[in-house]
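Residues 306 to 469, numbered by my numbering, are exactly what the sequence shown covers, in order.
Backbone N, C-alpha and C define an ideal beta-carbon position, used for all residues, glycine too.
Reading through the structure tokens given below for one structure.
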Amino acid sequence: MGLVTPDYGLLFWALLSFGVLLFILKKFAWKPILQALKNREESIARSMRLAEQARAEIEKLQEESKNMAEKARQEREREIAETKALREKLLAEAKEQARIETQKMLDRAREQILLEKEAAKKELYVTVAELTISLTEKVLRTQLKDKEKQQEYIERLLDEIPKN
Numbered sequence: 306m307g308l309v310t311p312d313y314g315l316l317f318w319a320l321l322s323f324g325v326l327l328f329i330l331k332k333f334a335w336k337p338i339l340q341a342l343k344n345r346e347e348s349i350a351r352s353m354r355l356a357e358q359a360r361a362e363i364e365k366l367q368e369e370s371k372n373m374a375e376k377a378r379q380e381r382e383r384e385i386a387e388t389k390a391l392r393e394k395l396l397a398e399a400k401e402q403a404r405i406e407t408q409k410m411l412d413r414a415r416e417q418i419l420l421e422k423e424a425a426k427k428e429l430y431v432t433v434a435e436l437t438i439s440l441t442e443k444v445l446r447t448q449l450k451d452k453e454k455q456q457e458y459i460e461r462l463l464d465e466i467p468k469n
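Have a look at this one:
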């Protein structure tokens with residue numbers, strides 16, 4: 306039972322040593338330890354605030370980045386739409402211009418054809434008239450060699466002329 310029973314002398318010296326140690330710690334080490342703990346707590350709190358601020362800044366930057374990306378996408382889509390509209394407009398204008406030019410060319414070709422047709426008709430008319438006159442002259446020379454036949458022919462022509 307000797308191990309379980311307290312020895313009062315040992316207990317006294319242990320308490321006295323503990324008290325002196327506590328006094329020395331309180332006098333010299335307690336304030337620096339508390340100050341170090343307080344400094345550490347403030348440092349941790351400051352780090353937490355900075356981390357929170359950094360997180361908030363990162364979130365803000367991410368949001369701004371998303372907004373900028375969305376604006377860029379919208380701007381790109383708008384520019385693509387404008388480019389497509391401009392392309393369609395230019396194509397339509399080019400088609401219309403080509404149609405107009407084609408129509409002008411066709412009109413000029415038709416006009417040229419008509420002019421050439423009229424010229425050919427006139428030339429044909431002149432040629433036919435010359436041939437007719439030539440043939441008529443030859444026929445009349447052969448058939449109207451004598452005066453009597455000439456007189457009969459002239460009278461017949463005069464009878465065919467309508468009288469007013």
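Residue i - containing alpha helix (DSSP H), residue span
i, result
"PHE323", "313–329"
"PRO337", "335–448"
"ILE459", "452–465"
Neighbour-count burial assignment, residue i, 16 or more Cβ in a 10 Å radius
i, result
"MET306", "At MET306, the pLDDT of 49 sits below 50, so the modelled position is not reliable and the matter cannot be decided from this model."
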